[in-house]
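Read through the structure below, which is laid out as structure tokens, and then see the notes.
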Amino acid sequence: MSAKPQVEIVKEASMLKQKSMIEANYEKLSTAKEKGRKVASTFVPGNLNELIMCFDIVNNLPEINAIQNGMRKKSGGLIMEAEKRGHSEDVCTYVKADLGMIAKGNLGPDGQKLPDPDVLLLSYTGCFTFMKWFELVREQYNCETLMLHVPYEGDGHATKNMRDYVVKQLKEVIIPGLERVSGVKFDIDRLRQYLKESSKAEDHFVWVLESAKNKPSPIDAYFGGVYYVGPIFTAFRGTPDATEYYRLLREEVAQRMKDGKGPITPEGDFKGEKYRLIVEGPPNWTSFRDFWKMFYDEGAVVVASSYTKVGGLYDLGFRHDPDNPLESLADYCLGCYTNRNLPSRIDLMEKYINDYQADGLLVNSIKSCNSFSAGQLLMLREIERRTGKPAAFIETDLVDPRYFSPANVKNRLESYLQMIEQKRRGAAPKAAA
Ligand code: SF4
431 MSAKPQVEIV KEASMLKQKS MIEANYEKLS TAKEKGRKVA STFVPGNLNE LIMCFDIVNN
491 LPEINAIQNG MRKKSGGLIM EAEKRGHSED VCTYVKADLG MIAKGNLGPD GQKLPDPDVL
551 LLSYTGCFTF MKWFELVREQ YNCETLMLHV PYEGDGHATK NMRDYVVKQL KEVIIPGLER
611 VSGVKFDIDR LRQYLKESSK AEDHFVWVLE SAKNKPSPID AYFGGVYYVG PIFTAFRGTP
671 DATEYYRLLR EEVAQRMKDG KGPITPEGDF KGEKYRLIVE GPPNWTSFRD FWKMFYDEGA
731 VVVASSYTKV GGLYDLGFRH DPDNPLESLA DYCLGCYTNR NLPSRIDLME KYINDYQADG
791 LLVNSIKSCN SFSAGQLLML REIERRTGKP AAFIETDLVD PRYFSPANVK NRLESYLQMI
851 EQKRRGAAPK AAA
């Protein structure tokens, strides 16, 4: 049997830039110990990248390792390893991919050994799994654990008390802890400089996200969006490299708009936008390309998604602020998508449907992510009621290849697109008899 030919992805300047940034960061991680640099492990939502950089600490993100391993088809074996060691089938598969990777010698996605962390920095933004994950990782390493407790926005907004509480912890726990681990004295002007750089990148990033309001949309805000969030959600926010990445990306998207082009896909330019969707929930990573293809083959483009907001809701106006450095770090952590209650997440999806003139909401319900999945059925019903637009469910998993059933996903997607068609026909004015 002959193997299916691999389609070569079109590489634009911003993609090459991001690829080299990711490679350089893995290189930095794998050589950290020989160069005498300290390493922090930390999570994406509410990450304190600018603060970590103030202490010359290298940033390792276990979720990103799991995603990269998923895309490289390595996560299945790692998850099995974790299950063999007693972790249940229901546990978040990012966690199991990470624990399996550690158990098998801690080789990172690029095959190089990842360093033992010197500090586990847990900025706790809403998902309880984060806490349990680091409890398990902590058993493996004899290192300091720092926890920033970010109060949940249970009433749908942050209060001054919440902000003060986070700032107090930054001053009294996190900064002294990072000074202790790194031996570097905190310099607030250095933090201000990084935050200034962050806000420049954030402006470009929001411009790119909002370009999807155009018809046709020049970007796919889910499948393309997961690449666009890379630098700003991870170890690069606050660096000139990230600003340069977003400047390049903005230029490319502006050109696509000028040329009246749709998003770029792994098979070249997407033509013929037929459906504009909002997607809630993370994507599946183990069959990412096949998953994406199901959408663009049908003329469906995602114009906004919740997943691209897990590392910050910049499109609602938040920017890191060099004039209020610690306060803006607190605001950032408080406002992350995972830290928002269900009613405000529903409001956000409704807003996206209206602002981006979308045809409806598609929920990708992730088997092992309780943080996203809880309440999605209510969200679906509520969005249908408020907007009159159809909503639907598909089910996959993050990085467990056993839970991606292509036939099921394709069937559900096709039926959903038919529902949209029917709705359109129903809404069209009747021809005169
Ligand atoms: S938000 Fe979901 S994917 Fe992320 S750690 Fe929590 S359960 Fe896992």
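Per our numbering, residue 431 is the first one in the sequence shown, and the count goes up by one each step. Note that the Cβ used here is the ideal one computed from N, Cα and C, for glycine as well.
Requested in this report: Note down the Cα distance separating Val580 from Met483, rounded to an integer number of angstroms.
Outcome: 21 angstroms
Query - Asn769: CB within 7 angstroms of a non-hydrogen atom of the ligand SF4 - result: no
Query - Leu608 (DSSP reduced to helix, strand or coil) - result: helix
Query raised in the report: I think Tyr782 touches Ile708, with their Cβ atoms under 8 angstroms apart; what is that distance to the nearest whole Å?
Result: 5 angstroms
Query raised in the report: For Gly856, does the three-state DSSP call read helix, strand or coil?
Result: helix
Query raised in the report: Thinking just about the alpha-carbon of each residue, which of Asn499, Tyr571, Phe666 and Glu682 is nearest to the one in Met445?
Result: Glu682
Requested in this report: Decide if Gly476 is buried, meaning its Cβ has at least 16 other Cβ atoms within 10 Å, or exposed.
Outcome: buried
Query raised in the report: Taking 7 angstroms as the cut-off, is the CB of Tyr737 close to at least one heavy atom of the ligand SF4?
Result: no
Requested in this report: Using beta-carbon positions only, say whether Tyr786 and Val733 come within less than 8 angstroms of one another.
Outcome: yes
Query - Sub-8 angstroms separation of Asp594 and Tyr571 beta-carbons - result: no
Query raised in the report: Any idea which residues DSSP pairs Lys543 with across the strands?
Result: Leu537
**Report entry** CA-to-CA distance, Glu609 to Glu602, given in whole angstroms
**Finding:** 11 angstroms
Query - Straight-line Cα distance separating Glu780 from Trp816 - result: Inspection of the sequence shows that residue 816 is occupied by Arg rather than by Trp. Rounded to the nearest angstrom, the two C-alpha atoms are 8 angstroms apart.
Query raised in the report: At what residues does the alpha helix (DSSP H) containing Gly660 begin and finish?
Result: Gly660 to Phe663
Query raised in the report: Mind pulling the alpha helix (DSSP H) runs of 4 or more residues that sit fully within the stretch 500-578?
Result: 505-514, 523-533 and 558-568
Query raised in the report: With a CB to CB cut of under 7 angstroms and the five nearest residues on each side skipped, what residues in its chain are close to Met577?
Result: Leu552 and Tyr554
Requested in this report: Pick helix, strand or coil for Tyr705, following the three-state DSSP scheme.
Outcome: strand
Requested in this report: Select from Gly690, Arg502 and Glu814 the residue whose C-alpha is nearest the C-alpha of Lys701.
Outcome: Gly690
Requested in this report: Tell me where the beta strand (DSSP E) around Asn754 begins and ends.
Outcome: Careful: Asn754 lies outside any beta strand (DSSP E) and carries neither H nor E.
**Report entry** For Phe653, the nearest candidate out of Pro712, Leu791 and Gln623 (CA to CA)
**Finding:** Pro712
Query raised in the report: the ligand SF4 heavy atoms versus the CB of Leu551: any closer than 7 angstroms?
Result: no
Query - Limits of the beta strand (DSSP E) - the one that Thr826 falls within - result: Ala821 to Thr826
Query - DSSP bridge partner residues for Val469 (one or two, in chain order) - result: Val488
Query raised in the report: Roughly how many angstroms separate the alpha carbons of Gln806 and Ser795, rounded to a whole number?
Result: 8 angstroms
**Report entry** Burial state of Ile618 (16 or more Cβ within 10 Å)
**Finding:** exposed
Report task. Starting from Thr695, follow its DSSP beta bridges and name the residues at the other end. Result -> Gly698
Report task. Output the distance between the C-alpha atoms of Asp761 and Gly856, rounded to the nearest integer angstrom. Result -> 44 angstroms
Report task. Could you say if the stretch 462-471 and the stretch 748-768 meet the contact criterion of at least three C-beta pairs nearer than 8 angstroms? Result -> no
Query raised in the report: Within the structure, which residues are defined as neighbours of the ligand SF4 by a Cβ-heavy atom distance below 6 angstroms, reported in chain order?
Result: Cys522, Tyr524, Cys557, Thr559, Phe560, Thr768, Cys799, Asn800, Ser801, Phe802 and Leu828
Query raised in the report: What's the C-alpha gap between Arg832 and Lys503?
Result: 12 angstroms
Requested in this report: Could you spell out where the alpha helix (DSSP H) holding Leu678 opens and where it closes?
Outcome: Pro670 to Lys688
**Report entry** 7 angstroms CB neighbourhood of Pro435 in its chain, flanking five on each side removed
**Finding:** Here Pro435 scores only 45 on pLDDT, less than 50, and its place in the model is too uncertain to base an answer on.
Query raised in the report: How would you call Thr461, buried or exposed, if buried means at least 16 neighbouring beta carbons within 10 angstroms?
Result: exposed
Query raised in the report: Who are the Cβ neighbours of Met809 in its own chain at under 6 angstroms, not counting the five residues just before and after it?
Result: Ile776
**Report entry** Assumed close pair Tyr675, Pro661 - CB separation to whole angstroms, cut-off 8 angstroms
**Finding:** 5 angstroms
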